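Protein chains in written order, with this note's numbering: chain C, 15 to 441; chain V, 15 to 441. For each residue, glycine too, the CB sits at the ideal point set by N, CA and C. None of the values given here were measured: they were computed from a predicted structure. These notes concern the structure reproduced below.
Number of protein chains: 2
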Amino acid sequence: MKSFVIKGDIAFNETREKIKTLENGYLVCVNGICKGAYKKLPEEYKNLEIRDFSGQLIVPGMTDLHVHAPQYTFRGIGMDLELLDWLNQHTFPEEANYSNLEYAKKAYSYFTYDLKRSFSTRAVIFATMHTDATVELMDQLEDTGVISYVGRVNMDRNGGVNLEEESAEVSLQETGKWLDRVKGRYARTFPILTPRFIPSCSDELMQGIGKLSKEQNLRIQSHLSENPSEVAWVKELVPQSTCYANAYEIFDTMGNENCPTIMAHCVYSDEKEMDILKKHGAYIAHCSDSNMNLTSGIAPIRKFMDAGIHVGIGTDVAAGSSMNMLKAILNAIQASKMYYRLVDQSVKPLTFEESFYLATEGGGSYFGQVGSFKEGYEFDALVLDDSKMYSMRDLTVRERLERTCYNDADVVIREKYVQGENTFHRE
Amino acid sequence: MKSFVIKGDIAFNETREKIKTLENGYLVCVNGICKGAYKKLPEEYKNLEIRDFSGQLIVPGMTDLHVHAPQYTFRGIGMDLELLDWLNQHTFPEEANYSNLEYAKKAYSYFTYDLKRSFSTRAVIFATMHTDATVELMDQLEDTGVISYVGRVNMDRNGGVNLEEESAEVSLQETGKWLDRVKGRYARTFPILTPRFIPSCSDELMQGIGKLSKEQNLRIQSHLSENPSEVAWVKELVPQSTCYANAYEIFDTMGNENCPTIMAHCVYSDEKEMDILKKHGAYIAHCSDSNMNLTSGIAPIRKFMDAGIHVGIGTDVAAGSSMNMLKAILNAIQASKMYYRLVDQSVKPLTFEESFYLATEGGGSYFGQVGSFKEGYEFDALVLDDSKMYSMRDLTVRERLERTCYNDADVVIREKYVQGENTFHRE
């Protein structure tokens, strides 16, 4: 069932800089693993079922490396605020509603419905501080077919009305209960420790999370250096830190290459912070739509890539206004062009190829061999119908691919495969 | 037939800074003119037909102040290039095809089909240097219901293979023929003189266009200060000019308050250039999507507004990848936030209200009293169905409006009125 061939116009990154395309090519899946893309189907696969998507684009599934599920239903509202005001006026009051399980059930159903139909085959997700609601979200996610990490959020300070845990102890206890409840419960949905960010977590809580991560080999996700006011605040809160990343390091929450931490944003990460991220094998979730909306700034992604730091793309709903990864690819390119033009002309803009790489293999590598059609990779694939976008001449597969990212609203997902399983289909 | 009332959730700018909203309000149209928006329908309009769009948003029609019709079918391709390379590699070869009338007919049918279904009720459009194709475009535009200015492009130098007029004289002769052919031909479609930009037009041609504009009271549109290489080139081409805008001024093509010139971009317009734009009552067409795509930079729109210069928004297809004005509103906000954050923190970002204003009344004023529901304005209105964007709580009309601009793909245009005429309807 998980061994078959799909036929169509295939595109994927061979390297960070180069996209390989195969017009009318064959993509082979054996037991959920990609066995390569071919112009001519090799003899050994000739007895496999061929699913014909001729004329449609076939691209790797995408990884949304940073998205807040409970914020989904208020995206695109209050966008003239900066981070800390936006959190206090919009986000925290909304997240407080998730203490009500019925509310959470309904709200998360909107999120999971759309995620299933999105370009993402993998996602790393923030829930809220509510255990029941987080388990509900994970239950729903398991049914989407998307493979995800999900975090029950830790926050024992500065959360505002009805969105603050009583103490570090309570926060850690609840985290333990949550981990017990979800242990072994899912095939596709995994827990990830999620201290919201330093301003939301006391030293004691951060230390507890660092310890828990080590003991149980659990990954961590959080936010880093998003906004100037936030960065200044962290320096006050952890005065002994040499930088924001070092504050996480002090609490032993920066992870390592085998158990990598994801840090969203990194807009203000300088050389010192880059060294720390690199040393720990951390992932940067680049969220340029969010960073523009909240007037945060632009992260120098090329610098990170050149330094050998892992980078992927996050939509960061609801500071990003959409879960659409094609839009996120475009935003990352535009942001990098403005960084080049307005900040530093020694930092070249991201090419289309590079941004596409970040959305596929860049973030996908957080899940293993994911996000490419190279042999041995897990078979995450999207069949995209771009026929609505007429042209006056024949376009190359590469041109069609670029065009879909610049006009995402005109692309239709026909099939979505995750690890070789057809998780979504649209006529 | 052009006198009626529409009912729904009304939103429009009362001032540049403030959006007035009326939930379940009444918007009155008498003979194509807006007679105001009311919470309770005034007695004098009670015998007019009421069209009920309860629960849907009603907003002013939008003005796309700068868009290239012949570039529509290759949008979203070659976007990693900067302006001059992009023109030479993609735009000029494509525009050369419009010497073939059958080609133009087909290609323009894609443009006009989508324009009719877009958020724009008014548009100012570049065609190509081909007279027959330009008349074809205008014929098609007349049937869309959209009110537009359309320019046959003048370019007698630096156009490349098959896209350059023989001489200034030929260019002006052809312009004269074109003007004769379209004179009195349309109710909604008007000619505008369109020297492509200084690098494409010899001094003699520019002078001829300036003269023609004065003699026949014809408006002019062109490009100004888009890209650093272009700005430097213009300085070489017109060495006696004090700045790029002054080069246009020297040739008498900057217009006046009664016959205003539109200048697209103005990314690099400094105080001197702003003085010239202001003095002539010119309009700036702000094209932030394009300016990000071609790595041009960000125009300091607040400075222009504060100086009292007219500003509207252009989608600038195909350097902008879409004709969607809601997307353009969002892009303008994001660009202004990055200008504030990365360039000059004394230039505050555009608020949502201000960007919405630019897309409606800001650009609309180029057409007269257009782009608002204030009494006496021409009745250009859109009925927008935003019901696909669920929410967990009741949203204000203002919140729904912001959300539609941040998630344009989820909004459906149900009705489009231009001067009181229902030009488009979707079930």
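Query: Suppose contacts are defined by Cβ-Cβ distances below 8 Å. Is Tyr420/V in contact with Ser214/C by that definition?; Result: no
Query: Give the interface partners of Met277/V over in chain C, defined as CB-CB distance under 7 Å, in chain order.; Result: Result: empty, since nearest Cβ-Cβ is about 20 Å, beyond 7 Å.
Query: Please look up how many angstroms separate the CB atoms of Leu275/C and His294/C, rounded, as I've assumed it's under 8 Å.; Result: Looking at the sequence itself, residue 275/C is Thr, so the reference to Leu does not match. Contact holds; Cβ gap of about 7 Å.
Query: Which of helix, strand or coil does DSSP assign to Met220/C?; Result: helix
Query: Is Tyr371/V near the ligand NAD, with its Cβ less than 7 Å from a heavy atom?; Result: The ligand NAD is not among the ligands present in this structure, which contains no ligands whatsoever.
Query: Using the C-alpha atoms, what's the distance from Tyr431/C back to Thr437/C?; Result: 6 Å
Query: Going by alpha carbons, who is nearest to Arg125/V out of Val425/V, Ser405/V, Gly376/V and Asp157/V?; Result: Checking the displayed sequence, the identity of residue 125/V turns out to be Phe instead of Arg. The shortest C-alpha separation from Phe125/V is found at Asp157/V.
Query: Can you give me the C-alpha to C-alpha distance between Pro314/V and Tyr353/V, rounded to a whole angstrom?; Result: 7 Å
Query: Rounding to the nearest angstrom, what Cα-Cα distance links Asp200/V and Met152/V in this structure?; Result: Before going on, a small fix: residue 200/V reads as Tyr here, not Asp. If I take the Cα positions, the gap works out to 8 Å.
Query: Is the distance from the Cβ of Lys16/C to the Cβ of Gly46/C below 8 Å?; Result: yes
Query: Would you mind stating whether Ala118/V and Tyr127/V have Cβ atoms separated by less than 8 Å?; Result: no
Query: So who's on the other strand from Gly269/C, going by DSSP bridges?; Result: Pro274/C
Query: Comparing alpha-carbon positions, which option in Phe88/V, Leu62/V and Ile33/V lies nearest Ile72/V?; Result: Ile33/V
Query: Is it buried or exposed, His144/C, if we count other Cβ atoms within 10 angstroms and call 16 or more buried?; Result: buried
Query: By DSSP's criteria, Tyr40/C is part of a beta bridge. Which residues make up the other side?; Result: Lys21/C and Tyr52/C
Query: With respect to the beta strand (DSSP E) encompassing Ala395/C, which residues constitute its N-terminal and C-terminal limits?; Result: Ala395 to Asp399
Query: Return the residue from the list Leu340/C, Asp217/C and Glu429/C that minimises the CA-CA distance to Gly328/C.; Result: Leu340/C
Query: What residues in the region 349-382 of chain V bring their beta carbon closer than 7 Å to a beta carbon of chain C?; Result: Lys351, Met352, Tyr354, Arg355, Leu356, Val357, Pro363, Thr365 and Phe366
Query: Applying a beta-carbon distance threshold of less than 8 Å, which residues of chain V neighbour Thr87/C?; Result: Tyr404, Ser405 and Met406
Query: Tell me where the beta strand (DSSP E) around Leu238/V begins and ends.; Result: Gln235 to Leu238
Query: Is it true that the CB of Val138/C sits closer than 8 Å to the CB of Gln235/C?; Result: yes
Query: Is Thr29/C buried or exposed, if buried means 16 or more other CB atoms sit within 10 Å of its CB?; Result: exposed
Query: Who are His526/V's beta bridge partners in DSSP?; Result: Not covered by the structure: residue 526/V. The range shown for chain V is 15 to 441.
Query: Please tell me whether Tyr112/C has its Cβ less than 8 Å away from any Cβ of chain D.; Result: Here chain D cannot be found, since the structure's protein chains are C and V.
Query: Is the beta carbon of Leu207/C less than 8 Å from the beta carbon of Arg233/C?; Result: yes
Query: Measure the C-alpha to C-alpha separation of Gln383/C and Thr374/C and round it to an integer number of angstroms.; Result: 11 Å
Query: When the Cα of Glu218/C is compared with those of Val184/C, Ser132/C and Trp192/C, which residue comes out closest?; Result: Val184/C
Query: Could I get the ranges of all uninterrupted alpha helix (DSSP H) runs contained in the region 127-192 of chain V, with 4 residues as the minimum, in chain order?; Result: 145-156
Query: Run down chain C in chain order and give the residues with a C-beta less than 7 Å from the C-beta of Glu413/V.; Result: Ile91
Query: Cα separation between Tyr389/V and Gly92/C?; Result: A quick correction: the sequence has Glu, not Tyr, at residue 389/V. Between Glu389/V and Gly92/C, the C-alpha separation is close to 30 Å.
Query: Taking the C-alpha atoms as reference points, what is the distance between Lys292/C and Asp408/C?; Result: 44 Å
Query: Suppose contacts are defined by Cβ-Cβ distances below 8 Å. Is Met169/V in contact with Arg210/V by that definition?; Result: yes
Query: So what does DSSP say about Lys225/C, is it helix, strand or coil?; Result: helix
Query: The region 317-342 of chain V: which residues have C-beta closer than 7 Å to a C-beta of chain C, in chain order?; Result: Ser335 and Ser336
Query: Could you tell me the alpha carbon to alpha carbon distance between Lys228/C and Leu129/C, rounded to whole angstroms?; Result: 31 Å
Query: Please give me, in chain order, every unbroken run of the alpha helix (DSSP H) with length at least 4 that falls completely inside the region 78-124 of chain C.; Result: 97-100 and 106-110
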